[in-house]
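Here is the structure we will look at.
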Amino acid sequence: MASTFTFQLRLMKHIFLILLSAGIINSASSQNVYIQGGVNLANITSNEEGHVEDNKMLTTLNAGIMVGLGFSKLVDVETGLLFTGRGSKAETVFSNGDYVKAKFNPYYIELPLNLVVNFPIDAKSKLFVHAGPYAAVGVGGKSSLETKFGPLVTTTETDIEYAGEEPFSSNE
3 MASTFTFQLR LMKHIFLILL SAGIINSASS QNVYIQGGVN LANITSNEEG
53 HVEDNKMLTT LNAGIMVGLG FSKLVDVETG LLFTGRGSKA ETVFSNGDYV
103 KAKFNPYYIE LPLNLVVNFP IDAKSKLFVH AGPYAAVGVG GKSSLETKFG
153 PLVTTTETDI EYAGEEPFSS NE
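Going by my numbering, the first residue of the sequence shown is number 3, and it counts up by one from there.
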């Protein structure tokens, strides 16, 4: 119960910061502020002693507020705040029909810094490429594990909680 409340409190804090940032960014006139949303095809690959798991892409979403700094129509820099999902689905099936299925779906708040290059096609259309680094903070998520060994099938679902001062720590 306390972990759900802590997650909700963190989420409300991040939403407040996003709205505050949007208000500050919107007050500047030369910038282009927009809402971004899209689909992530997330995957995590693992390699243990030369064996690669049968990982499958996990479809997740991203949404947030972005701002183009307005340097020029051809080259620009953009930044903002995004709520985004990552993760993977993995499945191992043994020859006797037993299996292990795992799903890992963490959520992050990201702060990207992208260089954007625009290629105008006509007056209303353009092709663009953007790339750059980002910083991210884990804010939650879910992981699940289903196993079948003989007649016994077990399913476990766990909330992902980030804790402590270590950047890679979690309470899993």
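Just so it is clear, CB atoms sit at the ideal spot from N, CA and C, and this is done for glycine as well.
* Three-way DSSP call (helix, strand, coil) for residue 73 in this model -> Numbered from its first residue, the sequence shown carries residue 73 at position 71. Looking at residue 73 - three-state DSSP - the assignment turns out to be coil, as it is neither helix nor strand.
* CA-CA distance, residue 139 and residue 80? -> In the sequence shown, counting from the first residue as 1, residue 139 sits at position 137. In the sequence shown, counting from the first residue as 1, residue 80 sits at position 78. If I take the Cα positions, the gap works out to 19 Å.
* Measure from the alpha carbon of residue 159 to the alpha carbon of each residue in 141, 126, 104, then state which is nearest. => Here residue 159 refers to the residue found at position 157 when the sequence shown is read from its first residue. Cα-wise, what sits closest to residue 159 is 104.
* Asked: Going by the beta-carbon positions, is the gap between residue 67 and residue 37 smaller than 8 Å?
  -> For the purposes of this step, residue 67 is taken as the residue at position 65 of the sequence shown. For the purposes of this step, residue 37 is taken as the residue at position 35 of the sequence shown. Taking 8 Å as the cut-off, the beta carbon of residue 67 is found closer than this to the beta carbon of residue 37.
* Secondary structure at residue 169, three-state DSSP: helix, strand or coil? -> Position 167 of the sequence shown, counted from the first residue, corresponds to residue 169. For residue 169, the pLDDT reaches just 49, beneath the cut-off of 50, and the residue's location in the model is therefore unreliable, leaving the point undetermined.
* For the region 72 to 86 and the region 116 to 126, state whether three or more C-beta atom pairs, one from each stretch, are separated by less than 8 Å. => Yes, the region 72 to 86 touches the region 116 to 126.
* Output the boundary residues of the beta strand (DSSP E) element that contains residue 36. => Taking the sequence shown and counting its residues from 1, one reaches residue 36 at position 34. Taken as a continuous stretch (DSSP letters only), the beta strand (DSSP E) holding residue 36 covers 34 to 44.
* With 8 Å set as the bound, which would you pick, yes or no: does the beta-carbon of residue 80 sit closer than that to a beta-carbon of chain B? -> In the structure shown, chain B does not exist; there is a single protein chain.
* Flag this pair as yes or no: are the beta carbons of residue 87 and residue 116 separated by less than 8 Å? => Residue 87 sits at position 85 when you count from the first residue of the sequence shown. Residue 116 sits at position 114 when you count from the first residue of the sequence shown. No, they are not a contact pair.
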